[in-house]
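Below: one structure, written as structure tokens.
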Amino acid sequence: MSQLHVDPSHLKAASLIPPVSKSDAQRAMVLAHLTGHWPLAALQSEAETDLPADVRVLKRGVEALRQPAGPLRDVDCADGGAPFRILVTQSAVTPGVHVRLTGTPRLGERPHGPLFKSLREALGPSGLSLTEGSPWPVEIRAPTKTGEPVFRVPGDQSSQYASSLLLGCAALFLREHRPWSVEIQGTLTSAGYLELTVSWLRRFGFTVEESGSRFTVTAHQASKSAPPMPGDWSSLGYLLLIAWRTGGSVERADPSSAHPDQAILRLVQPAGLTPVPGPDLSMRMEGQARDGLVASGKECPDLLPTLAALACVLPRPSTLTDVGILRLKESDRLEGIRTLVSAYGGTTTLEGETLTITPPKAPPAHFAMDSRGDHRLAMVSATLSILSGARLTLTGPECVEKSFPGFWRQVERVGVRLSE
């Protein structure tokens, strides 16, 4: 892996631009494919190299599903957990499809069993063939008919299972003209991401009825065009903190977005930071740090590393709860956060599912961090460097391609000097 030296000693204000929302784009692409709006115009205006890697992966997967039925299609999902899980279901509900999915060793280690089991139980008796390698490849042959129109899946590991299956319900409703449901067993973690999926279904004209833990697609009204694409709130989290430090602003910050990471606007306020909306979806962050913060992995797991970086420069300890889910991401992000805080000179205390972050009494002049191939750990390390003024040596900076290919260009806009 390469190393990148980050020198934040010459900061200046700038207007920062996030990529399109990875989570929104993934849902919108599938629905555009199902409803006749392919290719999605909102993504056509973006340069291919500026699209998050996960979006490019899913785009290739959808294009493979759109090919004429018959030949085996190979799709490399790289390290994309959400694209892989979405493509598994879309492959399983597309008659005549024969798909072979592969990915990185880390993606193979992440939990997918509950999704496979749900698909086998609902579609297996109708002829679904879903075979697993060790862990690759995963090979899927879709059935030509279906049975009882309900997917049952546990909710405690990942909301991506339920989101993938609900998008599958949309596909099945359009093909069979009968309601299809997802029934969630137990407590759903990261519920905001399923709410985001429901929001996109409705924006594309689907009727989704909710009854307790059951979500049912019951109708569809065709729309003339696909909805617009918002900026990525996961990426806006880094940029808003950088803008706070430099006195700049961010663009594409839609406060009406349903993305769970929009919670940053609320979670930073007890610490003394105040978001200030501007014209044309611009936004600034103002205020003086005066306290710690509290956030939960059940609400916004992808935001916790960003908030951990902020916690390192706050005057009082911060608390992150329900952090166990972080162990199941592209890396073990819980250990990644603890490593980052330690490298910066702070301390962490883990008690069950609660992580307390205590900032150092004085920031270091320099710290080093290994991204572990995890895009979020790379970007939060750079964010902490800018927030604190401490120089950073980062191993593995190239992994930001997964969600924010232009991140280092945005960092340079505020005067940060980068060198290999």
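Numbering (the working numbering), first residue to last: 253 to 672. The C-beta atom is built at its ideal place from N, Cα and C for all residues, glycine as well. Just so it is clear, the structure is predicted and the values come from calculations on it, not from any experiment.
Measuring alpha carbon to alpha carbon, tell me which residue in the options is nearest residue i.
i	options	result
residue 524	496, 551 and 503	496
residue 515	578, 553 and 299	553
residue 356	385, 377, 373 and 370	385
residue 387	456, 375, 377 and 361	361
residue 610	371, 422, 565 and 549	565
residue 490	256, 278, 301 and 666	666
residue 739	414, 332 and 668	Since the first residue of the chain shown is 253 and the last is 672, residue 739 is not available in this structure.
residue 435	517, 324, 374 and 669	374
residue 640	661, 502, 657 and 615	615
residue 461	324, 292, 297 and 421	421
residue 528	445, 505 and 548	505
residue 522	567, 499, 551 and 498	567
residue 471	423, 548, 508 and 477	423
residue 294	477, 583 and 645	477
residue 548	608, 316 and 429	608
residue 625	651, 350 and 660	651
Tell me whether residue i is buried or exposed, calling it buried when 16 or more other Cβ atoms sit within 10 Å of its Cβ.
i	result
residue 262	exposed
residue 398	buried
residue 484	buried
residue 335	buried
residue 466	exposed
residue 311	buried
residue 581	buried
residue 464	exposed
residue 513	buried
residue 288	exposed
residue 322	exposed
residue 258	buried
residue 473	exposed
residue 653	buried
residue 412	buried
residue 378	exposed
residue 574	buried
residue 297	exposed
residue 604	exposed
residue 599	exposed
residue 326	exposed
residue 551	buried
residue 363	exposed
residue 318	exposed
residue 669	exposed
residue 507	exposed
residue 324	exposed
I believe residue i touches residue j by the beta-carbon criterion, under 8 Å. Please report the beta-carbon distance rounded to the nearest angstrom.
i	j	result
residue 340	residue 359	Contact doesn't hold; Cβ gap of about 12 Å is too wide.
residue 556	residue 578	6 Å
residue 402	residue 433	4 Å
residue 537	residue 493	7 Å
residue 561	residue 632	4 Å
residue 457	residue 438	Contact doesn't hold; Cβ gap of about 31 Å is too wide.
residue 486	residue 535	Not really, about 15 Å apart at Cβ, beyond 8 Å.
residue 671	residue 647	Contact doesn't hold; Cβ gap of about 14 Å is too wide.
residue 479	residue 455	4 Å
residue 416	residue 367	6 Å
residue 330	residue 309	5 Å
Would you mind stating whether residue i and residue j have Cβ atoms separated by less than 8 Å?
i	j	result
residue 593	residue 571	no
residue 431	residue 469	yes
residue 675	residue 320	Outside the modelled stretch of the chain, which goes from 253 to 672, sits residue 675, for which no answer is possible.
residue 390	residue 342	no
residue 649	residue 254	yes
residue 447	residue 510	yes
residue 306	residue 278	yes
residue 271	residue 304	yes
residue 655	residue 481	no
residue 441	residue 409	yes
residue 284	residue 345	no
residue 585	residue 643	no
residue 630	residue 595	no
residue 544	residue 563	yes
residue 449	residue 426	no
Going by the DSSP bridge assignment, what does residue i pair with across the sheet?
i	result
residue 458	472
residue 432	469
residue 483	272
residue 498	Bridge partners of residue 498: none, in fact.
residue 402	433
residue 628	Looking at the DSSP assignment, residue 628 forms no beta bridge with any residue, so it has no partner.
residue 594	For residue 594, which the question treats as bridged, DSSP gives no partner whatsoever.
residue 392	351 and 382
residue 619	644
residue 328	354
residue 257	645 and 671
residue 529	535
residue 547	572
Cβ of residue i less than 8 Å from any chain D Cβ?
i	result
residue 293	No chain D appears in this structure, which consists of one protein chain only.
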